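Taking the numbering used here, the leading residue of the sequence shown gets -4, the next gets one more, and so forth.
Structure first, commentary second.
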Amino acid sequence: MPHLTRRAVLGLGTAALLSACAATIPPLPAATDNRPESLSREQILAAINAVRKANGAPPWSYNPRLETAARAQARLMAGKDTLSHDLGTTLRQRVTEAGYLGAVGENVAKGYKTLPDVIEGWLASQGHRNTLLSPKFVEFGLATARTGSGKLYWALIAGGSFDAWRV
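This is the structure:
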C-alpha cells in the first residue's frame, strides 16, 4: 500500500471539497456574460433553479413584483453604499408596495461581480442558504444596483404562501 504524505491527504481532501462545490453550483454556459446587466430573466431563472435542483429543492418561478421589491432594496443599498435588510423601509413594506402579499424571505449581498459568485456566497452562509433552498418559497425576483463607483449590490426576494409556514 502506498504511503500518503500529509500534503497528499490535504490535497485530496481539498480536491474533494472543491468537486462537491462544483456539483452544487452548476456553471452558466461558457458563452454567457455573467455580468448582471447582461443576464436575461430566463438565464437568472435557469441559474437559480439549477442550484436548487442540484441541492434537492424544487424549482421556483420568476415573479416581476418580487423583482420590483428587490430592485427597490438594491437601489437603496447602492444609494447609501450600505449592505442591510432595513434602510428605512422594511422587507414587508417593500413587497407590499410592489403588490406582493405572500410570505417572503430576502438575501442581500455586495461586491460580487457575477451571478454564480453571489449564489456561491449565499450558499456559504447558512441563513442565506436556507432562503435560497427553502421548499416553502415557490417564486422569486432578483435585482442589482451599482454605486457611483461601480460597487454592485444584490437583492433576491423569495416568496410563497403563508400557508406553507403554518404548523
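Heads up, the beta-carbon is just placed ideally off N, CA and C, and yes, glycines get one too.
Only a predicted model underlies this, so the values are computations on that prediction, with no experimental measurement involved.
Nearest candidate by alpha-carbon position, reference residue i, set the options
i: I43; options: V113, A140, T91 and L147; result: V113
i: H80; options: P59, K105 and S56; result: K105
i: W160; options: A69, R36 and P130; result: P130
i: T126; options: A73, E92, T139 and A150; result: A150
i: D158; options: G136, F132, A138 and A41; result: F132
i: A64; options: L118, A119, R87 and Y107; result: R87
i: P53; options: L128, A153 and G154; result: L128
Rounded C-alpha distance that separates residue i from residue j
i: G145; j: E32; result: 12 Å
i: L96; j: L61; result: 10 Å
i: A41; j: A153; result: 15 Å
i: N102; j: L118; result: 11 Å
i: S156; j: G51; result: 20 Å
Strand pairing of residue i, partner residues [DSSP]
i: F135; result: Y57 and A153
i: G100; result: A153
i: L40; result: According to DSSP, which records beta bridges pairwise, L40 is partnered with nothing at all.
Neighbourhood of residue i by C-beta, 7 Å cutoff - its chain only, sequence neighbours within 5 removed
i: L82; result: L71, M72 and K75
i: L34; result: L110
Sequence-distant residues of its chain with Cβ nearer than 6 Å to residue i (five each side left out)
i: A140; result: A69, R70, A73 and Y148
Q. Is there contact between the region 63 to 73 and the region 37 to 54, where contact requires at least three CB pairs shorter than 8 Å?
A. no
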